[in-house]
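Report on the following structure.
In the numbering used here, the protein residues as written are 14 to 122.
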């Protein structure tokens, strides 16, 4: 087996929000084997603490409304750790309700 035979790039939650749901973030899970060793390397990249994260405006339209409210990394990390401990998806608290989506759509058209 080569060095990179098990390399996987997961789509993260922030990418899901910025892509307005086009890409889906994954819940990281591991299946181990007693027959071989496993090495994991994690790298975390995030914006400055005050930088807003939200859908890219070019990906929002009448036919594809904004799905997530904007948030900063501090709000996300706080929610992420609470949600992850409970087995919930960390983006659920940032999803806009259908009522909010329809009001945003009608005000922008």
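Backbone N, C-alpha and C fix where the C-beta goes; we use that ideal spot for every residue, glycine too.
Model, not experiment: these values are computed from the prediction.
>> One question on the structure: do residue 33 and residue 68 come within less than 7 Å of each other, judged by their Cβ atoms?
In response: Translated into positions along the chain shown, residue 33 becomes position 20. Translated into positions along the chain shown, residue 68 becomes position 55. Contact: yes.
>> If we require 4 or more residues per run, which alpha helix (DSSP H) segments fall completely within the stretch 20-68?
In response: 26-31
> Of all the alpha helix (DSSP H) runs that stay within the bounds of the stretch 76-103, which reach a length of 4 or more residues?
Replying inline: 86-99
> Among 46, 31, 36 and 108, which one has its Cα closest to the Cα of residue 59?
Replying inline: In the chain shown, counting from the first residue as 1, residue 59 sits at position 46. Nearest of 46, 31, 36 and 108 to residue 59, Cα basis: 31.
>> Does the structure place the stretch 44-55 close enough to the stretch 82-98 that three or more beta carbon pairs sit under 8 Å?
In response: no
>> Pop quiz: residue 79 and residue 104 are said to be a contact at Cβ under 8 Å. What is the actual Cβ separation, rounded to whole angstroms?
In response: Against the chain shown, residue 79 aligns to sequence position 66. Against the chain shown, residue 104 aligns to sequence position 91. About 13 Å; that fails the 8 Å criterion.
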